[in-house]
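Undergrad:
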Amino acid sequence: MSNAFIAFQKNDESRCIVEAILDDNPGAMVDDQPSMVKIDVPNRLVIKRETVEEKMGRSFDLQELQLHLITISGHLDETDDEFTLSWNS
Numbered sequence: 100m101s102n103a104f105i106a107f108q109k110n111d112e113s114r115c116i117v118e119a120i121l122d123d124n125p126g127a128m129v130d131d132q133p134s135m136v137k138i139d140v141p142n143r144l145v146i147k148r149e150t151v152e153e154k155m156g157r158s159f160d161l162q163e164l165q166l167h168l169i170t171i172s173g174h175l176d177e178t179d180d181e182f183t184l185s186w187n188s
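The working numbering applies: residue 100 is where the sequence shown begins, and numbers increase by one.
#1: Give every residue of the same chain whose Cβ lies closer than 8 Å to the Cβ of Ser185, excluding the five residues on either side of it in the sequence, and list them in chain order.
#2: Which one of Asp123, Ser158 and Arg148 has the shortest CA to CA distance from Val140?
#3: Pairs of beta-carbons, one from the region 103-114 and one from the region 153-173, closer than 8 Å: are there three or more?
#4: Using three-state DSSP, classify Ser113 as helix, strand or coil.
#5: Quick check on the burial criterion: 16 or more other C-beta atoms within 10 angstroms. Buried or exposed for Thr178?
#6: DSSP puts His167 in a beta bridge; with which residues?
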């Protein structure tokens with residue numbers, strides 16, 4: 100089983116994104132560094148627009164992830180409502 104992961108620059112907006120990821124992905128592991136934060140999830144990581152909006156208190160377009168993104172690992176599937184990284188078995 101491989102981990103899907105995503106890493107963000109560390110700032111106020113990415114903090115809300117990370118909180119949303121942790122809420123929606125049981126088993127997520129956070130590696131908090133001085134200038135970045137990396138989240139690993141076994142097999143599949145999902146970022147839900149609705150959860151991010153709840154954390155930020157405003158509308159959120161998942162394309163805004165690109166502003167804070169450093170790197171990803173896994174197969175990417177994007178819709179207007181979800182950003183999913185996974186490894187097909």
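Every residue gets a Cβ at the ideal spot worked out from N, C-alpha and C, and that includes glycine.
TA: Concretely, from the data shown:
#1: Here residue 185 corresponds to residue number 86 of the sequence shown, with the count starting at 1. The beta carbon of Ser185 is closer than 8 Å to those of Ala103, Asn142, Arg143, Leu144, Gly173, His174 and Asp176 in its chain, skipping five residues each way along the sequence.
#2: On the sequence shown, position 41 is the one that residue 140 refers to. Considering only Asp123, Ser158 and Arg148, the residue with the shortest C-alpha distance to Val140 is Asp123.
#3: The region 103-114 is in contact with the region 153-173.
#4: On the sequence shown, residue 113 is found 14 positions in, with the first residue counted as 1. Helix at Ser113.
#5: Locating residue 178 in the sequence shown gives position 79, where the first residue counts as 1. Label assigned to Thr178: exposed.
#6: Here residue 167 refers to the residue found at position 68 when the sequence shown is read from its first residue. According to DSSP, His167 bridges with nothing at all.
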